[in-house]
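Heads up, the thing below is written out as structure tokens.
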């Protein structure tokens, strides 16, 4: 051995560790400070806006379910397409996702579908196998060719460009029955993780318009997350499908390298970049992922999407160059792994993959060595743009380019080719390690992003956070973004599932398994989780309720109830300790992160068959969020628009049917959580009847419109769409938070 070489290696290792320590301290100081600055500015000077609740239950259904309903003539394609168009027009001022539309042409396409089904309903051309998305509306990222549509990709030089033909994936979607409605916003040249450009502006998040929708497929993520369409087409070179899906609370999939073509997309990859960049779906329901991937992959690749008998799962960590993974996101991964282990019997192990800490550098080196056209040349429309001059123009407010695009053009000019090749070799080693770890049936659970959606422009201070998704592009591995609920800020969070090459089916299956357990996409304001408690827990809770002493019950004309936690009062609730059995339930509900603080009040209601409650608002004593656990029997929770201010009580009563907007089926052991505008604006109630007839697409009365139909066990749209359920005795545990709490009864009485 050479002593001098060993000494030199030792000094280099020590130097690397010192640099790492300094950067950790530096970044650990800068990130929180910039985060506080953004928080102060946006909280004080920018109003938070959310998209309104879904106006039609059709907007809450999966694409497969909608196609089946259209095929069976339970609803028309025109009605579905019109509902999506109305939704887009309603939310566009809030999220700014649509950059070009073909609404009238889409309605004509829908009418043609309806006419063909009416004239020849049994034609095998309309079958699920031939057209799985028959008559279903879809949206498309503006990077893809759609005949007659724009394809500027946010570049000022391309504002006059119009597509003369459809991209391959658009053709395949149309062949499967999809009806494209519009093109959606992107980041400039699709190379930043916030969808912002000088041509079409900035896209906001449907849960909070002050925050990003992600990029570069941010318009798709926001549109699908807002309930405008059940499926959308995006592309992914560094997480451009999975990050928008994560930020907007929906599902997105990047397929195995080379599986899905990019032809007809701009900018397209021409060299090794084709290994990194793939087209793919963004969907609101996991059951749409596999059929969307199959049709996009084409017959030559879809045969690889076969299921195998078992799946192995793992968990992993983060990089010092990226933001630390937030505790709630780590908890999502832990909960998912525990569910797969305990409930499904799948083996789970936690692994450490140290090379993943180099993810930003590995992605960057692979991109530089890919042989693709330089970004500065793309910005100049084929002529290299002087990015230094453009930066000066940007500072003088004279540039047609965004700062991230200019920065990327500058960044690619720096670096060492030798260093890039060494990093590329490390990336190849990591790929071999991943392939060995995953084997034939393994899946890695990994953060899709370290935080929920940051504020607009905040990604400029979080440059490398995209690497959580980008690393799997350069590794060529399939990855699916899976929503797992909301954080304490009311923003979607989740994880990504990664499998070995050509094992896309595992991550797609995992998305369905986790959706069934944790609820999946949750349109703002109403969230439904079936089987929130087990049958044994249900029996235990019912036993506790009925074991309460008689004085605890209050009898009303239409039900009886128990009040736990205290007496709500405008001057403050006189609190009392909750029993342990309710404290444990509250712990689970609070863990969802949807209340601003710990819930402190539980109202127990007992409804006999035929009993209900008139439409009402819960009032301002409570935080505008309510969680209800149902025990014993099902019921329908109906929602109504508020009574117009200029209407008397008679008019309000007479127009009850016309104000009905839909219902949620509350199954035994389920949890429903109502918040936002669905709580503050809309009235809710339970009709007094002994049975409920459930019909997809109904409109009130005996056939209600159902918000959560796809999530109902045993009530799948694909099966019987006409079902009557008899009501039994139902006990509901309504969990709320009373923000104002009095210190004691004597103090409350003295203040009177």
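Residue numbers (our numbering): 356 to 1107. Just so it is clear, CB atoms sit at the ideal spot from N, CA and C, and this is done for glycine as well. Because the structure is a prediction, the values reported are computed rather than measured.
Proximal residues to residue i (C-beta, below 6 Å), its chain only, five neighbours per side dropped
i	result
residue 614	652, 656
residue 564	404, 449
residue 785	710
residue 1075	Caution applies to residue 1075, whose pLDDT of 46 falls short of 50 and renders its modelled position unreliable; the model cannot decide the point.
residue 601	803, 804, 836, 849
residue 1057	Reliability of the predicted coordinates at residue 1057 is poor, the pLDDT of 44 falling under 50, and the value obtained from them is presented with this limitation in mind. Within the same chain, residue 1057 has close Cβ partners 1048.
residue 696	703
residue 524	588, 634, 651
Beta-carbon separation (whole angstroms), residue i vs residue j, contact threshold 8 Å
i	j	result
residue 435	residue 479	Not quite, the Cβ-Cβ distance comes to about 22 Å (not below 8 Å), so this is no contact.
residue 824	residue 589	Incorrect: roughly 12 Å between the Cβ atoms, too far for contact.
residue 840	residue 873	6 Å
residue 607	residue 878	Residue 607 to residue 878, Cβ: 17 Å. No contact.
residue 897	residue 986	6 Å
residue 959	residue 916	6 Å
residue 486	residue 531	6 Å
residue 996	residue 1037	6 Å
residue 717	residue 782	4 Å
Element boundaries [beta strand (DSSP E), containing residue i]
i	result
residue 1108	Lying before the first or after the last residue shown, residue 1108 is absent from the chain, which here runs from 356 to 1107.
residue 705	703 to 705
residue 1038	1038 to 1041
residue 1017	1015 to 1021
residue 910	908 to 910
residue 960	956 to 962
residue 970	968 to 971
residue 994	990 to 995
residue 444	Here residue 444 belongs to no beta strand (DSSP E); instead the alpha helix (DSSP H) covers 432 to 450.
residue 609	606 to 609
Alpha carbon of residue i to alpha carbon of residue j, nearest angstrom
i	j	result
residue 390	residue 501	39 Å
residue 1094	residue 1027	21 Å
residue 727	residue 515	25 Å
residue 522	residue 578	20 Å
residue 867	residue 641	5 Å
residue 763	residue 506	21 Å
residue 1021	residue 929	31 Å
residue 605	residue 909	43 Å
residue 385	residue 438	46 Å
residue 1017	residue 969	15 Å
residue 549	residue 933	45 Å
residue 1104	residue 927	Summary for residue 1104: the model assigns pLDDT 43, below 50, so the residue's position carries little reliability; its value from the coordinates is reported in the next sentence. Roughly 11 Å separates the two Cα atoms.
residue 832	residue 633	11 Å
residue 899	residue 869	30 Å
residue 1085	residue 1040	15 Å
residue 499	residue 946	40 Å
residue 325	residue 430	With the chain represented from 356 up to 1107, any question about residue 325 goes unanswered, as that position is not in the structure.
residue 540	residue 551	8 Å
residue 503	residue 415	29 Å
residue 894	residue 973	28 Å
residue 1023	residue 1080	12 Å
residue 603	residue 881	15 Å
residue 444	residue 612	36 Å
Residue range of the alpha helix (DSSP H) that includes residue i
i	result
residue 716	714 to 723
residue 599	597 to 603
residue 826	822 to 830
residue 471	458 to 474
residue 741	Segment: none, residue 741 is in no alpha helix (DSSP H) and carries neither H nor E.
residue 690	682 to 693
residue 862	859 to 873
residue 769	Note, residue 769: premise wrong, no alpha helix (DSSP H); not H, not E.
residue 935	935 to 945
residue 646	644 to 652
Proximal residues to residue i (C-beta, below 8 Å), its chain only, five neighbours per side dropped
i	result
residue 1092	950, 951, 952, 953, 954, 955, 956, 977, 978, 980
residue 342	For residue 342 there is no data in the structure shown, the boundaries of the chain being 356 and 1107.
residue 698	872
Cβ neighbours of residue i in the same chain (closer than 7 Å, five flanking residues each side left out)
i	result
residue 340	With the chain covering only 356 through 1107, there is no way to say anything about residue 340.
residue 433	462, 465, 466, 469
residue 556	451
CB contact below 8 Å: residue i versus chain D
i	result
residue 447	Looking for chain D here will not work: only one protein chain is present.
Any non-hydrogen atom of the ligand SAM within 7 Å of residue i CB
i	result
residue 851	In the structure on display, the ligand SAM does not appear, and there are no ligands present to speak of.
Are the stretch 701 to 720 and the stretch 597 to 607 touching, with three or more C-beta to C-beta distances below 8 Å? As far as the Cβ criterion goes, the stretch 701 to 720 does not touch the stretch 597 to 607, which means the pair count is below three.
Three-pair Cβ contact test at 8 Å for the stretch 765 to 784 versus the stretch 712 to 725: Under the three-pair Cβ rule at 8 Å, the stretch 765 to 784 counts as touching the stretch 712 to 725.
Sufficient close CB pairs (3 or more, under 8 Å) joining the stretch 453 to 461 to the stretch 406 to 420 = With a cut-off of 8 Å, the stretch 406 to 420 and the stretch 453 to 461 do not count as touching, because too few Cβ pairs lie within range.
inquiry  = Would the stretch 796 to 816 count as touching the stretch 567 to 578 if we require 3 or more Cβ pairs under 8 Å?
reply    = Contact between the stretch 796 to 816 and the stretch 567 to 578 is present, because at least three Cβ pairs lie under 8 Å.
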